[in-house]
Each structure stands twice: as C-alpha cells, then as structure tokens.
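A.B. asks: This is the structure I want to talk about, given as structure tokens.
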Amino acid sequence: MTGADYLLPFRTKLRSMRTESFGADPAGARMERIRRSPHFVDGVFQNPVGARTRPSGSTVEFAKIYFHKEQRARRTPTGTVPVHATTLADLAAPPATGLRLTWMGHSSVLAEIDGRRILFDPVWGERCSPFPFAGPKRLHPTPLSLAALGPVDVVVISHDHYDHLDLPTIRALAGTDTVFAVPLGVGAHLERWGVPPGRMHELDWNETATVAGISLTATPARHFCGRGLRNQQHTLWASWAVTGPEHRIYHSGDTGYFPGFRDIGAEHGPFDATMIQIGAYSEYWPDIHMTPAEGMRAHLDLQGGRPHGVLLPIHWGTFNLAPHPWAEPGEWTKDAGEEAGQAVAFPRPGEPFEPAGKLPAEAWWRAVSQPIAHPWRRPRGAESVAETSRGDMDLAGER
Numbered sequence: 002m003t004g005a006d007y008l009l010p011f012r013t014k015l016r017s018m019r020t021e022s023f024g025a026d027p028a029g030a031r032m033e034r035i036r037r038s039p040h041f042v043d044g045v046f047q048n049p050v051g052a053r054t055r056p057s058g059s060t061v062e063f064a065k066i067y068f069h070k071e072q073r074a075r076r077t078p079t080g081t082v083p084v085h086a087t088t089l090a091d092l093a094a095p096p097a098t099g100l101r102l103t104w105m106g107h108s109s110v111l112a113e114i115d116g117r118r119i120l121f122d123p124v125w126g127e128r129c130s131p132f133p134f135a136g137p138k139r140l141h142p143t144p145l146s147l148a149a150l151g152p153v154d155v156v157v158i159s160h161d162h163y164d165h166l167d168l169p170t171i172r173a174l175a176g177t178d179t180v181f182a183v184p185l186g187v188g189a190h191l192e193r194w195g196v197p198p199g200r201m202h203e204l205d206w207n208e209t210a211t212v213a214g215i216s217l218t219a220t221p222a223r224h225f226c227g228r229g230l231r232n233q234q235h236t237l238w239a240s241w242a243v244t245g246p247e248h249r250i251y252h253s254g255d256t257g258y259f260p261g262f263r264d265i266g267a268e269h270g271p272f273d274a275t276m277i278q279i280g281a282y283s284e285y286w287p288d289i290h291m292t293p294a295e296g297m298r299a300h301l302d303l304q305g306g307r308p309h310g311v312l313l314p315i316h317w318g319t320f321n322l323a324p325h326p327w328a329e330p331g332e333w334t335k336d337a338g339e340e341a342g343q344a345v346a347f348p349r350p351g352e353p354f355e356p357a358g359k360l361p362a363e364a365w366w367r368a369v370s371q372p373i374a375h376p377w378r379r380p381r382g383a384e385s386v387a388e389t390s391r392g393d394m395d396l397a398g399e400r
C-alpha cells in the first residue's frame, strides 16, 4: 500500500465535510469576469499593498498565548453583555436627522440613510463557523430577530469569511425582496444559498451600484478571502463607500492599514460616519486587521486628515477571534479618540444613535470586563516606572 492509498480515505472525508455552509466556487461567466479584473493577477486576487495572510511567527508561541488559562479568561466578558433592550421600539420612528446607525454586534450594522435601510455584514448565527457544533460562539445574543428587523433595501457584504457571511442569515434574507451588493466572486456563495442573480450587484473595486437612489461603491481593502479547506483566493474582499442624497457613510469590512484610505476619502468622502474594524488584531497577523490606533488613523485619512464625522468601532465584542483581552478594543479606541479629538460612538449592541445627535459615550464594557492593561498609553511626565505600571493596569470600571 502506498502513501497515496493512506491519503485517499482522508481526502474522501474532507470532501464529505464540505457542507453547504462552505458555499460555492466561482465558475463559468463569473470566473471569466474575475480573470478580467485588474486586481486578479497570477491566478489570485491581490491586495493593494502586500500583505501576509497567514499568521507569522512561531505556532508554538501563539498556541501558548492563545490557550493559556489566564489569557483565555481575559478574552471573554465576566458577566452578561448589556444588549440594548428597546431596539425594536427605537427603530419604529425614522431618524430625525436622516442618518441613524445601529450596531448589532461584530461587523453587523443597520444604517438608515436618507430614507433607505442598508444592512452591512449581517451575522445572526450562533457560531462563525461552517459547523454548528464548533467554532467561535457568540458572546451576546442578537438584539432582535431578523424578522423583527423588518425590510431592508440592500444587504452589503464585505467578504466571505464566516464572521461576515453567514449561511442561516443569508438564507433568511434570500426569502425577502432585498437586493445584495457583494464583492466580485462572492455571488457564487449567494446563488448556492438561494439568492437569485437578478437581485445581486457583484462589484470589483471602484465599481458602483445604485439601489433605491443610494450609491454603493466597492472600495479597496487589505485582507483576504476563503471559506473552504482549500483557499483559492477567487473571491474579492472590499470596504464600502455609501452615498445618499444628503449623507455619506463608510464601512471598512476587514482590513489592515494601508495608504489607500486617503484615496478613498478624497474620492468619496468626507463621511458623516465611518464603521471601522478595531478588533481581532494581533502581532501574528499585522497586515490584515487593524489595531484601534490604526483604525483611528484610517478614519482620519478617510476624512482628509482631520477629525470629522463620527467613528463607530466594529468587529469586536461579539466573537472571540484573537489573543487580546475582550474589552481592550473598546478601551484603546476610547483613548485614541480622546487623543485625536475625534468623536467616537460606543453604543451597546442594538442601541441606535444618530451621528448628528447625542452620541452614546459610556464605557459599558467596564462593568463586565477583567482588569485591562493599557500598554498603548504614553508615560505621563516624570512618573516612576512603578507609578506608570500601576496607572496602566486599571480595573475596567475605575476609569
């Protein structure tokens, strides 16, 4: 018996594990369009700036950090995450200013803009995984059901990773009349899950679709794609610039920092609000996710280099996806906003707010967080090392 004979049953098992949640690979006319994209080179989609898409450094060292008992405890809340209790009632009336955002957790945001409703990266599933029995489990419930959310004009997807493209959620939305705007290639997944091609706008970077008077432009991002055991890099990832008659908003999707934010801002901004990824960062994958400091820098780049509009932090608080403490993204973003003089909204999951109105500013995570170190803070004056160290380890509720 050869080595290949040993591999055959294993390969068969892998194929049998490719459940519907893995989606579908682009083929036919869709694949031909992908090959014509200027961003598809040498058989794969390319980033605007070079990026390592696999974790760097020692796998053993990463495992020590990730599975260390004390560190694992810091990556989850110590109590019940305070989900906003009256989301449904609060959404009943239209926004007074014409723009309202409701963070549903992680990267899922309902944006009500100039009389239209846009749902970004909706994930209502219990796990961001292809399997219902394994993978990161949500740390708080969804603020309301998809059915209670009511009709939306367009669903916008940033890329095909499980924490942004969720099979049960898309299946539910496929049964409505909503339109989908997705990056090039992602339509293959949606078609397999029941979304008719006529209800999809599948865009390359810098292409625009207009839905109900709202312009949606797929803009560059620095990330990667893939849902299966073999990632072919045949589906694109994107951020999104959205323009209505009166307002402009931006959703980053997942991205590492890159200079292209300035170009996006010059072309499509400035924005009344940005939704920026500030969680699930790590030194092991510095090119594909942003730290809160980088997220703040990206927001300022998008706004022409100065504080403007409102930043809504996303991609944190709902799933445990990185070694950093659970509440660190919120705490760090709060510091970054104060240092930059930039308005930042900190809603509880499900808490609607209008960027032109009073912003939710309470650090709600502190009540259910382990003590948080603040290594990003600059030493203050001539304090001793001991004083600085003591000041940089606060109980979450003491600041």
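Residues in the sequence shown are numbered from 2 upward in steps of one, following this note's numbering.
Glycine included, each C-beta is placed from N, C-alpha and C at the ideal position.
#1: How about Tyr251 and Glu295: are their beta carbons less than 8 Å apart?
#2: Of the residues Ala97, Trp377, Trp366, Gly24, which one's Cα is nearest the Cα of Gly188?
#3: Does the beta-carbon distance from Ile315 to Ala299 come in below 8 Å?
#4: Per DSSP, which residues does Arg128 bridge with? Please list them.
#5: Rounded to whole angstroms, what's the CA-CA distance from Ala374 to Asp205? Just pull it up for me.
#6: Just to confirm the assignment, what range does the beta strand (DSSP E) spanning Trp241 have?
#7: Just reading off the beta strand (DSSP E) that Met297 is part of, what are its end residues?
#8: Rounded to a whole number of angstroms, what is the C-alpha to C-alpha distance between Val386 and Trp194?
#9: Could you give the DSSP three-state label for Phe262: helix, strand or coil?
#10: Going by DSSP, what residues sit across from Pro353 in a beta bridge?
#11: Would you grab the beta carbon distance between Pro169 and Val84 for me? Rounded to a whole angstrom, and I think it's under 8 Å.
#12: What first and last residue would you give for the alpha helix (DSSP H) that runs through Thr88?
#13: Sort Ala281, Thr88, Leu92 by Cα distance to Thr77 and report the nearest one.
#14: I'd like to confirm the pairing. Which residues does DSSP put opposite Phe272 in its beta bridges?
#15: Kindly indicate which residue of Ala267, Pro260, Glu268, Asp264 has the alpha-carbon position closest to the one of Met291.
#16: What did DSSP end up calling Asp168 once you bin it into helix, strand or coil?
#17: Check for me: the beta strand (DSSP E) holding Leu191 runs from which residue to which?
#18: Have a look at Val45 and Leu89 and give me their C-alpha separation to the nearest angstrom.
#19: For the alpha helix (DSSP H) containing Glu339, list its first residue and its last residue.
#20: Taking DSSP as the reference, what is the three-state secondary structure of Phe320?
#21: Taking the straight line between their C-alpha atoms, what separation do you get for Asp91 and Asp255?
#22: Does the stretch 159-177 come close enough to the stretch 205-217 that 3 or more CB-CB pairs lie under 8 Å?
#23: Can you tell me whether Val180 is buried or exposed, with buried defined as 16 or more other CB within 10 angstroms of its CB?
#24: Determine, using beta-carbon pairs with one atom in the stretch 102-122 and one in the stretch 260-270, whether at least three such pairs fall under 8 Å.
#25: Rounded to the nearest angstrom, what separates Trp317 and Glu268 at their Cα positions?
C.D. replies: Taking the coordinates as given:
#1: Residue numbering aside, residue 251 sits at position 250 when the sequence shown is read from its first letter. Residue numbering aside, residue 295 sits at position 294 when the sequence shown is read from its first letter. No. Outside cutoff.
#2: In the sequence shown, the residue the question calls residue 188 occupies position 187. The residue with the shortest Cα to Cα distance from Gly188 is Gly24.
#3: Translated into the one-based positions of the sequence shown, residue 315 becomes position 314. Translated into the one-based positions of the sequence shown, residue 299 becomes position 298. No. Outside cutoff.
#4: By one-based count along the sequence shown, residue 128 stands at place 127. Arg128 is bridged to Lys138.
#5: Position 373 of the sequence shown, counting from 1, holds the residue named residue 374. Position 204 of the sequence shown, counting from 1, holds the residue named residue 205. Rounded to the nearest angstrom, the two C-alpha atoms are 41 Å apart.
#6: Along the sequence shown, read from residue 1 onward, the residue named residue 241 stands at position 240. Under the DSSP assignment, Trp241 falls in the beta strand (DSSP E) whose first and last residues are 240-244.
#7: Locating residue 297 in the sequence shown gives position 296, where the first residue counts as 1. Premise fails: Met297 lies in the alpha helix (DSSP H), 293-303, not in any beta strand (DSSP E).
#8: In the sequence shown, counting from the first residue as 1, residue 386 sits at position 385. In the sequence shown, counting from the first residue as 1, residue 194 sits at position 193. Its pLDDT being 31, under 50, Val386 is placed unreliably by the model, and nothing is read from it.
#9: Counted from its first residue, the sequence shown places residue 262 at position 261. It is helical.
#10: Position 352 of the sequence shown holds residue 353. In the DSSP output, where bridge partners are listed per residue, Pro353 has Thr103.
#11: Counted from its first residue, the sequence shown places residue 169 at position 168. Counted from its first residue, the sequence shown places residue 84 at position 83. That belief does not hold up - the Cβ atoms of Pro169 and Val84 are roughly 19 Å apart, past 8 Å.
#12: Along the sequence shown, one-based indexing puts residue 88 at 87. Where Thr88 is concerned, the enclosing alpha helix (DSSP H) stretches over 88-91.
#13: Counted from its first residue, the sequence shown places residue 77 at position 76. Taking Thr77 as reference, the option from Ala281, Thr88, Leu92 with the minimal CA-CA separation is Ala281.
#14: Stepping through the sequence shown from its first residue, residue 272 is reached at position 271. According to DSSP, Phe272 bridges with nothing at all.
#15: Start at 1 with the first residue of the sequence shown, and residue 291 comes out as number 290. Residue Pro260 is the option with its Cα nearest to Met291.
#16: The sequence position of residue 168 within the sequence shown is 167, counting from 1. For the record, residue 168 in the displayed sequence is Leu; it is not Asp. Leu168 falls in the helix class under three-state DSSP.
#17: Residue numbering aside, residue 191 sits at position 190 when the sequence shown is read from its first letter. Premise fails: Leu191 lies in the alpha helix (DSSP H), 188-193, not in any beta strand (DSSP E).
#18: Here residue 45 corresponds to residue number 44 of the sequence shown, with the count starting at 1. Here residue 89 corresponds to residue number 88 of the sequence shown, with the count starting at 1. Their backbone Cα atoms lie some 43 Å apart in a straight line.
#19: As a first step, residue 339 must be located in the sequence shown, where it is residue number 338. Run containing Glu339: 329-341, per the alpha helix (DSSP H) assignment.
#20: The count along the sequence shown starts at 1 and reaches residue 320 at position 319. The answer is coil: DSSP assigns Phe320 none of H, G, I, E or B.
#21: Along the sequence shown, one-based indexing puts residue 91 at 90. Along the sequence shown, one-based indexing puts residue 255 at 254. The alpha-carbon atoms of Asp91 and Asp255 are separated by roughly 28 Å.
#22: Segments in contact, no.
#23: The residue labelled residue 180 in the question sits at position 179 within the sequence shown. Result: buried.
#24: no
#25: Within the sequence shown, the letter at position 316 stands for residue 317. Within the sequence shown, the letter at position 267 stands for residue 268. Answer to the nearest angstrom: the Cα atoms are 28 Å apart.
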